[in-house]
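The sequence shown runs 1 to 248 under UniProt numbering. We put the CB at the ideal spot given by N, CA and C, even for glycine. Below is one structure, written out as structure tokens, with a few remarks after it.
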Amino acid sequence: MKASSKFVLTAVLFFVATAVAYNTVLTAEYRKGEYKDPYLNYSDLNLKGFTDVAISGAHNMRFKVIQGEHKVYVHKNAAAYVQVKQDGNRLIVRTVLPEKVNYQSNIYQVVIAVPELKSLQTDAAYTSNGEEVIIDNAMELFTGYSGVSVVLEDLEVDSLSLTQDHGSKVTLKNNRINALHATVGMKSNSYSILELYSSNKIANADLQIQNRSELVMQDLRIPNLNYTFSERAKATMTGASLASVLKK
């Protein structure tokens, strides 16, 4: 047999063997139902009883808060760089990163489920090489990458208090909230971003957009909206959202 023919035959056999092995793995996962588990690669920290969440260091990791029985899931690839503790009713999450570690990706590194979220506090402060680092400007985080955010999704609550500081970004999707109280960008020079999508149902909102921070409203109408903007704050809204503002 010619050398070229041997090479082709070897390549074909390797491809077939690889395909068979891959198919075997998929079949095993299918039989166990693992392909249905969205948290297969996460660890459950088994924390219960919290109603308030504080996230510090949401500058290059993705966080998601949903409604459900108390769960705190941390992705296995980020476990070494996330510190989580509970102080009474308050869940505290903080990132601790080596200088060159960057976990920007299309997955959520931390997913938090809570039956009734009462308050969320976010900050863009984290620990790197033993020192605290603060990112003031949220826009610095999103150059070429828009996925870094704390996402609240599918929540149904009567009242929610939201406090953002420094360069943190919070996005609300598909929530039903009777009363939203938000203070965005508390400390001097903060550029926080609050993003509200049209899929939300918010009856009442009191929004304080401070310092250099920004409110983004995508086709969302809020029947009873009160707001205050600092001189340096800004808003980005579609026409449908402007109707809520012009009613004031």
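Problem set entry | Proximal residues to Q109 (C-beta, below 8 Å), its chain only, five neighbours per side dropped | The residue labelled residue 109 in the question sits at position 109 within the sequence shown. Taken in chain order, the residues that qualify are M61, R62, F63, V74, H75, N77, A78, V82 and Y103.
Problem set entry | Continuous beta strand (DSSP E) stretch holding R90: start and end | Translated into positions along the sequence shown, residue 90 becomes position 90. Run containing R90: R90 to L97, per the beta strand (DSSP E) assignment.
Exercise. Helix, strand or coil: how does DSSP classify S244 here?
Worked result: In the sequence shown, the residue the question calls residue 244 occupies position 244. Helix, per DSSP.
Exercise. Can you pull the DSSP bridge partners for H75?
Worked result: In the sequence shown, the residue the question calls residue 75 occupies position 75. BP columns for H75 point to Y42.
Exercise. How is Y197 classed by DSSP in three states: helix, strand or coil?
Worked result: In the sequence shown, counting from the first residue as 1, residue 197 sits at position 197. Judged by DSSP in its simplified three-state form, Y197 adopts coil rather than helix or strand.
Exercise. In whole angstroms, what separates the C-alpha of G144 from that of D154?
Worked result: One-based indexing of the sequence shown puts residue 144 at position 144. One-based indexing of the sequence shown puts residue 154 at position 154. Its pLDDT being 38, under 50, G144 is placed unreliably in this model, and the value from its coordinates should be taken loosely. Cα to Cα, the separation comes out at about 27 Å.
For this session: Tell whether a beta-carbon distance below 9 Å holds between G167 and I209.
Result: Here residue 167 refers to the residue found at position 167 when the sequence shown is read from its first residue. Here residue 209 refers to the residue found at position 209 when the sequence shown is read from its first residue. In this structure, G167 keeps its C-beta atom at 9 Å or more from the C-beta atom of I209.
For this session: Look up Y81 in the DSSP assignment and say whether it is helix, strand or coil.
Result: On the sequence shown, position 81 is the one that residue 81 refers to. Of the three classes helix, strand and coil, the one that applies to Y81 here is helix, per DSSP.
Exercise. Roughly how many whole angstroms lie between the Cα atoms of T238 and T183?
Worked result: As a position in the sequence shown, residue 238 is number 238, starting the count at 1. As a position in the sequence shown, residue 183 is number 183, starting the count at 1. So the two alpha carbons sit approximately 22 Å from each other.
For this session: Could you say which of K118, V150, S199 and V133 lies nearest to T51 if we only look at CA atoms?
Result: One-based indexing of the sequence shown puts residue 51 at position 51. The candidate whose alpha carbon is nearest that of T51 is K118.
For this session: Would you please state the rounded distance, in angstroms, between the beta carbons of P115 and Q164? I believe it to be under 8 Å.
Result: As a position in the sequence shown, residue 115 is number 115, starting the count at 1. As a position in the sequence shown, residue 164 is number 164, starting the count at 1. In this structure P115 does not touch Q164 by the C-beta definition: roughly 23 Å separates them, more than the 8 Å allowed.
For this session: For K169, count neighbouring C-beta atoms within 10 Å of its own C-beta (all shown protein chains included) and say buried if the count is 16 or more, exposed if not.
Result: Here residue 169 refers to the residue found at position 169 when the sequence shown is read from its first residue. Within 10 angstroms of the beta-carbon of K169 lie 16 or more other beta-carbons, which makes it buried.
For this session: My understanding is that N200 touches N174, with C-beta atoms under 8 Å, so please give their C-beta distance in whole angstroms.
Result: If you number the sequence shown from 1, residue 200 lands on position 200. If you number the sequence shown from 1, residue 174 lands on position 174. Contact flag correct, Cβ pair sits at about 7 Å.
Exercise. Who are the Cβ neighbours of A240 in its own chain at under 8 Å, not counting the five residues just before and after it?
Worked result: Translated into positions along the sequence shown, residue 240 becomes position 240. So the list reads S198, D219, L220 and R221, once near-sequence residues are dropped.
Exercise. What are the residues that DSSP puts in a beta bridge with T163?
Worked result: Residue 163 sits at position 163 when you count from the first residue of the sequence shown. In the DSSP output, where bridge partners are listed per residue, T163 has Q121 and T183.
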